[in-house]
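Encoded as structure tokens, the structure appears first; notes follow it.
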Amino acid sequence: MHTEHTPARRPRLTVIGTGYLGATHAICMATLGFEVLGVDVSEEKIDALANGRVPFFEPGLPEKLRDALDSGLLRFTTSFDEAAAFGDVHFVCVGTPQKAGSAAADMQYVESAFSELARRIDRPALIVGKSTVPIGTAARMAELVARLSPAGSAVEVAWNPEFLREGFAVEDTLHPDRLVFGVSSATAEASLREVFAPILAVGTPLVVADTATAELVKAAANSFLATKISYINAMAEICETTGADVTLLAEALGYDDRIGSRFLKPGLGFGGGCLPKDIRAFRYRAEELGVGQAVAFLDEVDQINLRRRSRTVDLVRELAGGSLDGVRVAALGAAFKPNSDDVRDAPALDVARMLYLEGASVAVYDPEASANAHRVYPDLDYADILGDALNGADVVVLLTEWDEFREMSPVSAAALVTHRRMVDGRHALDAAAYRAAGWEYRALGRPSVPTAVPSYQPAG
Ligand code: UGA
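Going by our numbering, the sequence shown opens with residue 5, and the numbers climb by one from there.
This is the structure we're talking about:
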């Protein structure tokens, strides 16, 4: 149905970089009815996507990809010429990993995406950065684009940070908590409003800001989330020396609406391709800008988080009787969180590696991430099924809270292992059920022997 406000033709979109963020964005925008061209330098990724295969594990995305391809609205290419000719609005979704040997973000992919596009665009267009970047990047890219593009300042730059979580990528893209537009002109804002019209139409909150604020929103959001996790894990350290129980503490804190229970789950801490590198890059950038002190606490957040990994190794060693040499460990989980096959900065894999380096023989089992984990750490043994990892284990350590591990029966698992010793790195298991089945159960921030609380008898 066309109203008088409906433009004759919806803007055509390109999405540069078809990794996690880009592939999801391209697919979802096509399902919203936009013509979308996905672009990547990797032939392999483009071939997979064009043939209906999502090259990473993300629930719900393969179905959406097939719908989008069937509709004819979504195509993929490796050609920047094609992208520049096709798009009215270009989304840059390339990675900004941590630079080798530095805390800074590696900006080479962002710079290359903007330059490759800019030098080919010869008509008015908008290039929208979605990648997580150091503050000031949008302004720098705007200068670069104005210098390189044959259309000069008719090619504008905006920033639209993305807050999607792996495992919930489709839901978070189509029904985000909020949208943030970082713009330098009313035209740029109008273009973004047009592109996000279907999402705005259902009442999604929108914050329109300058580009520096938009960049900062992302860095600040991820820093806050990381801080919240490290806060409760710092409390776990206190619990460990006081005999208090961090899971009860987290529950009690979470009932306070001002604190809230989300991201207050203690355990092995955060990992993945975002939180760890984002807090480091933010800290680094703040230092460059002369305001390093304002976010110096992020160093502590990082340190608390990394200490959880070595403390988990300590617990396994303790249960094994003081040495890991020759001890058979079943490591349950390799992904940085459940429902993902991502092992970037994965606490699970890091713990498995540390156990191995101390002489343990480690059998890793992960329902989805074993292939990726094997590529990173080929020295560990990878089991195809859970039972194979448990078989003959002296200690079992749960590192990623997949449902398969939560649902495992402590009685059946007991029949496979050599010693019933469980380190629950994610507070995912029923401690009482494990103890009842004869397991020695240990978890970070919880007493090794459950504290006897006098049992309460209701009157009458
Ligand atoms: C995170 C943010 O949640 C997204 O909003 C953001 O868009 C994304 O980074 C990004 O920057 O692209 P993601 O990395 O997918 O998303 O994972 P999260 O669900 O945030 O989990 C991060 C880590 O924190 C995981 O290792 C998880 O196990 C850990 N975590 C999470 C805890 O240890 N405790 C908690 O209470 C919550």
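Just so you know, even glycine gets a beta-carbon here, dropped at the ideal spot from N, CA and C.
Determine the DSSP secondary structure at E170, reduced to helix, strand or coil. Residue mapping note: residue 170 aligns to position 166 of the sequence shown, counting from 1. Here E170 sits in coil by DSSP.
Identify the continuous alpha helix (DSSP H) that holds V221 and give its terminal residues. Counting from 1 along the sequence shown, the entry for residue 221 is found at position 217. Residues 215-246.
Please confirm whether V368 and A377 have their CB atoms less than 9 angstroms apart. The count along the sequence shown starts at 1 and reaches residue 368 at position 364. The count along the sequence shown starts at 1 and reaches residue 377 at position 373. Cβ distance < 9 angstroms, so V368 and A377 count as in contact.
Reduced DSSP category for V502 - H, G, I as helix; E, B as strand; rest coil: What is shown of the chain runs 5 to 464, which leaves residue 502 out entirely.
Identify every residue that forms a DSSP beta bridge with H94. Here residue 94 is taken as the residue at index 90 of the sequence shown, counted from 1. Residue pairing from DSSP places H94 in a beta bridge opposite T18, I131.
According to DSSP, simplified to helix, strand and coil, what is Q461? The sequence position of residue 461 within the sequence shown is 457, counting from 1. In this structure, Q461 counts as coil in the three-state DSSP scheme.
Work out the CA separation of R332 and V400 for me, nearest whole Å. Working through the sequence shown from its first residue, we reach residue 400 at position 396. Working through the sequence shown from its first residue, we reach residue 332 at position 328. A straight-line Cα-Cα distance of about 9 angstroms links V400 and R332.
With H, G and I counted as helix, E and B as strand and the rest as coil, what does DSSP make of F60? Here the question's residue 60 lines up with position 56 in the sequence shown. The answer is coil: DSSP assigns F60 none of H, G, I, E or B.
Run through DSSP, which three-state label would P180 get? Along the sequence shown, one-based indexing puts residue 180 at 176. Reduced to three states, the DSSP call for P180 is coil.
Flag this pair as touching only if the segment 139-150 and the segment 168-175 have three or more C-beta atom pairs under 8 angstroms; answer yes or no. Not touching, per the Cβ criterion.
What is the DSSP secondary structure of R70, counted as helix, strand or coil? Within the sequence shown, numbered from 1, the residue matching residue 70 stands at position 66. Three-state DSSP puts R70 in a helix.
C-beta contact flag for D306 and R289 at 9 angstroms: Locating residue 306 in the sequence shown gives position 302, counting from the first residue. Locating residue 289 in the sequence shown gives position 285, counting from the first residue. No, the pair does not count as a contact, with Cβ atoms beyond the cut-off.
If contacts are defined as beta-carbon pairs under 8 angstroms, then S135 and V114 qualify, I think. What distance do you get, rounded to the angstrom? As a working mapping, residue 135 is identified with position 131 in the sequence shown. As a working mapping, residue 114 is identified with position 110 in the sequence shown. Rounded, the Cβ-Cβ distance is 6 angstroms, consistent with contact.
I need the straight-line Cα distance from D349 to R313, nearest angstrom please. The residue given as residue 349 occupies position 345 in the sequence shown. The residue given as residue 313 occupies position 309 in the sequence shown. Answer to the nearest angstrom: the Cα atoms are 12 angstroms apart.
Closest by CA to E166, which one among S195, A224, A109? Within the sequence shown, numbered from 1, the residue matching residue 166 stands at position 162. Ranking S195, A224, A109 by Cα distance to E166 puts A224 first.
Quick one: is T7 buried, meaning 16 or more other Cβ sit within 10 Å of its Cβ, or exposed? Taking the first residue of the sequence shown as position 1, residue 7 is located at position 3. Note that T7 scores a pLDDT of 45, beneath 50, so its modelled location is shaky and nothing firm can be said.
Proximal residues to A190 (C-beta, below 6 angstroms), its chain only, five neighbours per side dropped: Walking along the sequence shown from the start, residue 190 turns up at place 186. Taken in chain order, the list of residues that qualify is empty.
Please name the residue in D383, V380, A373, Y381 whose C-alpha comes closest to that of I389. What you label residue 389 is simply residue 385 of the sequence shown in a count that begins at 1. Selected option, being the one with the closest Cα: A373.
Check whether the Cβ atoms of E39 and V137 lie closer than 9 angstroms to each other. As a position in the sequence shown, residue 39 is number 35, starting the count at 1. As a position in the sequence shown, residue 137 is number 133, starting the count at 1. No, the Cβ-Cβ distance between E39 and V137 is not below 9 angstroms.
Can you give me the Cβ contacts of T422 inside the same chain, cut-off strictly under 8 angstroms, excluding the 5 residues immediately before and after it? Within the sequence shown, the letter at position 418 stands for residue 422. If we look at T422 and ignore the five residues flanking it on each side, its Cβ neighbours are R332, G396, A397, D398.
With 16 other Cβ atoms within 10 Å as the buried cut-off, status of H94: Translated into the one-based positions of the sequence shown, residue 94 becomes position 90. Sixteen is the threshold: when 16 or more other Cβ atoms of the shown chains lie within 10 Å of the Cβ of H94, as they do, the residue is buried.
For D110 and A230, what's the separation of their Cα atoms in angstroms? Numbered from its first residue, the sequence shown carries residue 110 at position 106. Numbered from its first residue, the sequence shown carries residue 230 at position 226. Those two C-alpha atoms are separated by around 21 angstroms.
Is it right to say E255 is buried, meaning 16 or more other beta carbons lie within 10 angstroms of its own, or is it exposed? Against the sequence shown, residue 255 aligns to sequence position 251. Exposed, by the Cβ-count rule.
Anticipated Cβ contact below 8 angstroms, I308 with A238, distance rounded: As a position in the sequence shown, residue 308 is number 304, starting the count at 1. As a position in the sequence shown, residue 238 is number 234, starting the count at 1. Contact between I308 and A238 holds: their C-beta atoms lie close to 5 angstroms from each other, under 8 angstroms.
Does the distance between the C-beta of I125 and the nearest non-hydrogen atom of the ligand UGA fall short of 8 angstroms? Within the sequence shown, numbered from 1, the residue matching residue 125 stands at position 121. Not one heavy atom of the ligand UGA is found less than 8 angstroms from the C-beta of I125.
Could you tell me whether any Cβ in chain D is nearer than 9 angstroms to the Cβ of E175? Protein chains in the displayed structure number just one, and chain D is not present.
Just to confirm the assignment, what range does the alpha helix (DSSP H) spanning R425 have? Here residue 425 is taken as the residue at index 421 of the sequence shown, counted from 1. Looking at the DSSP string, R425 is not in any alpha helix (DSSP H); the run it does join, the beta strand (DSSP E), is 425-428.
Residues that F80 bridges to, as DSSP identifies them: Within the sequence shown, the letter at position 76 stands for residue 80. Note: F80 sits in a beta bridge opposite G42.
Given a threshold of 16 other Cβ atoms within 10 Å of its Cβ, counted over all protein chains shown, does V427 qualify as buried or as exposed? Within the sequence shown, residue 427 is the residue found at index 423, counting from 1. Buried is the call here.
Have a look at M5 and P209 and give me their C-alpha separation to the nearest angstrom. Taking the first residue of the sequence shown as 1, we reach residue 5 at position 1. Taking the first residue of the sequence shown as 1, we reach residue 209 at position 205. Model confidence at M5 stands at a pLDDT of 43, short of 50, so the residue's coordinates are unreliable and nothing is read from them.
Rounded to whole angstroms, what's the CA-CA distance from A192 to R16? Just pull it up for me. For the purposes of this step, residue 192 is taken as the residue at position 188 of the sequence shown. For the purposes of this step, residue 16 is taken as the residue at position 12 of the sequence shown. Their Cα atoms are separated by approximately 15 angstroms.
Spatial neighbours of Y445 in its chain, beta-carbon cut-off 7 angstroms, leaving aside the 5 residues before and after: Numbered from its first residue, the sequence shown carries residue 445 at position 441. Setting aside the 5 residues that flank it on each side, Y445 is surrounded in the same chain by M426, D428, A435, Y438, R439, each with a C-beta closer than 7 angstroms to its C-beta; the list follows chain order.
Residues in its own chain within less than 7 angstroms of R379 by CB, not counting five upstream and five downstream? For the purposes of this step, residue 379 is taken as residue 375 along the sequence shown, with counting starting at 1. Excluding positions up to five away in sequence, the list is empty.
Is the beta carbon of A338 sitting closer than 9 angstroms to the one on A352? By one-based count along the sequence shown, residue 338 stands at place 334. By one-based count along the sequence shown, residue 352 stands at place 348. Yes, the pair counts as a contact, with Cβ atoms nearer than the cut-off.
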